[in-house]
Amino acid sequence: MSQEIVDKINKLKAERNAVILVHNYQRPEVQDIGDYVGDSLGLSRQAAATDADVIVFCGVHFMAETAASLCPGKTVLIPDEHAGCPMANMVTPRELQAFKDQYPGAIVVTYVNSTAATKALSDICVTSANAVEVVGKIPADQTVLFVPDRNLGSYVASQLKRDNIVLWQGYCPTHERIMPEHIVAARLAHPGAPVVIHPECRPDVVAMADHVGSTTGILNFCRDSSAREFIIATESGMLYRLEKENPGKAFHPASPILDCPNMKLATLEKVLWCLEDMAPVVTVPEEIAEKARRPIDRMLEMTEN
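Here the sequence shown stands for residues 56 to 360, where the numbers follow this note's numbering.
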């Protein structure tokens, strides 16, 4: 049955001149139909560069909003419109404006895991792959407001040894669930396996890492490492891609409870239905999209390589 659905998806994709962009945390069968599978930075670049008329975004809502902001002439579809992001919802435009008012002259650096309306009030966007690089290019005497992820912001501050990065108190519930005791138990169960941790994890967990990286950084580290086993501290969808691209290596989740329910809402059936119905469509009002594009474009310019 699934092959029949895949065949229908491919036929409709060709008819619609559509491209399917898939985040690393999606279900395995959804990753398998992606034209591009990647992290937020890679997906942003693909959305900005594609010549397709239709973008099917298998991720969460803010990612589809980013694509819609970058591609105003294209139709952006999301297989399940209920695929939200709790972290993105932890700051509203009104709250961010009040935060900015407390720190006049500060630079607002916003994680791409945020709504278009939040991005529209920001100076620069970052992803977990480039946050240290981008913030490192901001003058050291400049106050930075880092929104919404306190854990990624804390990691950036520690790497750059800056004490003028003010953190919004948002977080990813999936990564926040990983505790130091999970890492201790995983090391005991898999002695010698490097612990590879996403910077959305809590600072006390990140401090236990052998390597810290975005999903792409995790992929690269595990590919290049001579180790045969790894402990992975990020959303469970990463394990499928790691295993697929590294035959002969074993990957162990740092905790048994690392599913993001929102990232698992897209299914093959929903991808097919959204191409059949050309819905749900994700749109961003042009006045917000225009403002949201600026910090995204600035990020892409600052990380061209």
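For every residue, glycine included, the Cβ atom is placed at its ideal position computed from N, Cα and C.
A residue is called buried once 16 or more other Cβ atoms fall within 10 Å of its Cβ, and residue 206 is buried on that count. In the DSSP assignment, residue 208 falls within the unbroken alpha helix (DSSP H) covering 205-215. In this structure, the CA atom of residue 209 is about 15 Å from the CA atom of residue 184. A residue is called buried when at least 16 other Cβ atoms come within 10 angstroms of its Cβ; residue 174 meets this threshold and is buried.
Between the alpha carbons of residue 163 and residue 200 lies a distance of about 5 Å.
Secondary structure in the stretch 234-278: the alpha helix (DSSP H) runs of 4 residues or longer, each lying completely within the stretch, are 235-244, 258-261 in chain order.
In this structure, the CA atom of residue 150 is about 15 Å from the CA atom of residue 221. Counting only residues of its own chain and dropping the five nearest sequence neighbours on each side, residue 269 has a CB closer than 6 Å to the CB of 94, 183, 184.
In the three-state reduction of the DSSP assignment, residue 292 falls in the helix class.
Here residue 292 is buried: its Cβ has 16 or more other Cβ atoms, across all protein chains shown, within 10 Å. DSSP lists 163, 221 as the bridge partner or partners of residue 200. Within a 10 Å sphere around the beta-carbon of residue 348 sit 16 or more other beta-carbons, which makes this residue buried. Counting along the chain, the unbroken beta strand (DSSP E) around residue 113 starts and ends at 109-113. Between residue 345 and the set 177, 97, 110, the nearest pair of CA atoms involves 177. The alpha-carbon separation between residue 302 and residue 66 amounts to approximately 31 Å. When DSSP reads this structure, residue 306 sits in a beta bridge with 285.
Under the three-pair Cβ rule at 8 Å, the stretch 88-104 counts as touching the stretch 68-77.
Ranked by how close their Cα comes to the Cα of residue 320, the residues 120, 116, 338 have 116 in first place.
Around the beta carbon of residue 132, a 10 Å sphere encloses 16 or more other beta carbons of the protein chains shown; the residue is thus reported as buried. Here DSSP, grouped into helix, strand and coil, assigns residue 97 to helix. With at least 16 other beta carbons inside 10 angstroms of its own, residue 296 counts as buried. Under DSSP, residue 180 shares a beta bridge with 165.
Residue 137 carries a coil assignment under DSSP once its states are collapsed to helix, strand and coil. With contacts defined by Cβ atoms closer than 8 Å, residue 327 and residue 64 form a contacting pair.
The beta carbon of residue 248 is closer than 6 Å to those of 284, 285, 286 in its chain, skipping five residues each way along the sequence. Taking 8 Å as the cut-off, the Cβ atoms of residue 267 and residue 120 do not count as close. Between the stretch 221-234 and the stretch 244-258 there are three or more C-beta pairs closer than 8 Å, enough to call the two in contact. Counted as a single uninterrupted DSSP element, the alpha helix (DSSP H) harbouring residue 121 occupies residues 116-125. Residues 171, 172, 175 of the same chain have their beta carbon placed closer than 7 Å to that of residue 343, with the five preceding and five following residues left out of the count.
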